[in-house]
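First up is the structure itself, then whatever we jot down about it.
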Amino acid sequence: MDGRAGKIKRARNIFIFVNCGLILSALVYALVFHLASSGAIDILSKPCYIQKTLGIYCPSCGGTRAVYALVQFKIAEAFWMYPPLFAAIFAVLCYDARVMRALLTKNISYLENYRYYIFILIPIAVILNFLLNNALLFFGIDRLGDIL
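Quick note: the sequence shown, position 29, residue 28 per numbering that gives the first Met the number 0, numbers continuous.
Quick look at the structure:
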């Protein structure tokens, strides 16, 4: 197997592994949220320990509710609850499109020239969301409605 074919096979395997993991995660989330909506379990009213002890929002506050709203196709509500979720979805879709293009054309240069800067968007979005939520909280605006 030459270097080019090996790189294409490796890219395909990573693509399959990552997307199978995403699909499995989505199925688990769907099951948990189905159980939550039927009243079998209660996940949305569990307290955040950072909120309880420090009185501020943690970097992931609103994430579970955003996924729950997204599963119910409430896009605006999901974005309001946790905008970094959409940054993560955008980054994964950009990467998947690039890998699919490389696999379909069998041209590995699409991946070799790809810069992974898009994935820096996710931690930046998480940090900005954390700072915004707590800055608003400092001024008496509780965006998520959990603390004030």
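Virtual Cβ for every residue (Gly too), placed ideally from N, Cα, C.
Inset, instruction - Have a look at Pro46 and Thr104 and give me their C-alpha separation to the nearest angstrom. - result: Taking the first residue of the sequence shown as 1, we reach residue 46 at position 47. Taking the first residue of the sequence shown as 1, we reach residue 104 at position 105. Going by the C-alpha atoms only, they are around 49 angstroms apart.
Inset, instruction - State the Cα-Cα distance for the pair Ile117 and Ala90, rounded to the nearest angstrom. - result: Counted from its first residue, the sequence shown places residue 117 at position 118. Counted from its first residue, the sequence shown places residue 90 at position 91. Their Cα atoms are separated by approximately 6 angstroms.
Inset, instruction - Assign Tyr81 to one of three DSSP states: helix, strand, or coil. - result: Numbered from its first residue, the sequence shown carries residue 81 at position 82. Residue state, collapsed to three classes: coil.
Inset, instruction - Could you tell me if Thr52 is buried or exposed, where buried requires 16 or more neighbouring beta carbons within 10 angstroms of its beta carbon? - result: The residue given as residue 52 occupies position 53 in the sequence shown. With fewer than 16 Cβ atoms within 10 Å of its Cβ, Thr52 is classed as exposed.
Inset, instruction - Indicate whether Asn128 and Pro58 have their beta-carbon atoms separated by less than 9 angstroms. - result: Numbered from 1 along the sequence shown, position 129 holds the residue referred to as residue 128. Numbered from 1 along the sequence shown, position 59 holds the residue referred to as residue 58. The answer is yes: Cβ separation under 9 angstroms.
Inset, instruction - State whether the region 77-86 contacts the region 94-104, with contact taken as three or more CB pairs (one from each stretch) at a distance under 8 angstroms. - result: no
Legend entry - Distance between Val125 and Gly54 (C-alpha atoms, nearest Å): In the sequence shown, the residue the question calls residue 54 occupies position 55. In the sequence shown, the residue the question calls residue 125 occupies position 126. Cα to Cα, the separation comes out at about 18 angstroms.
Inset, instruction - Determine the burial state of Phe32: buried for a count of at least 16 other Cβ atoms within 10 Å of its Cβ, exposed for fewer. - result: The residue labelled residue 32 in the question sits at position 33 within the sequence shown. It is buried - the Cβ of Phe32 has at least 16 other Cβ atoms within 10 Å.
Inset, instruction - Have a look at Ala75 and Leu110 and give me their C-alpha separation to the nearest angstrom. - result: To locate residue 75, count along the sequence shown from 1; it is residue 76. To locate residue 110, count along the sequence shown from 1; it is residue 111. Spanning the two alpha carbons is a distance of roughly 33 angstroms.
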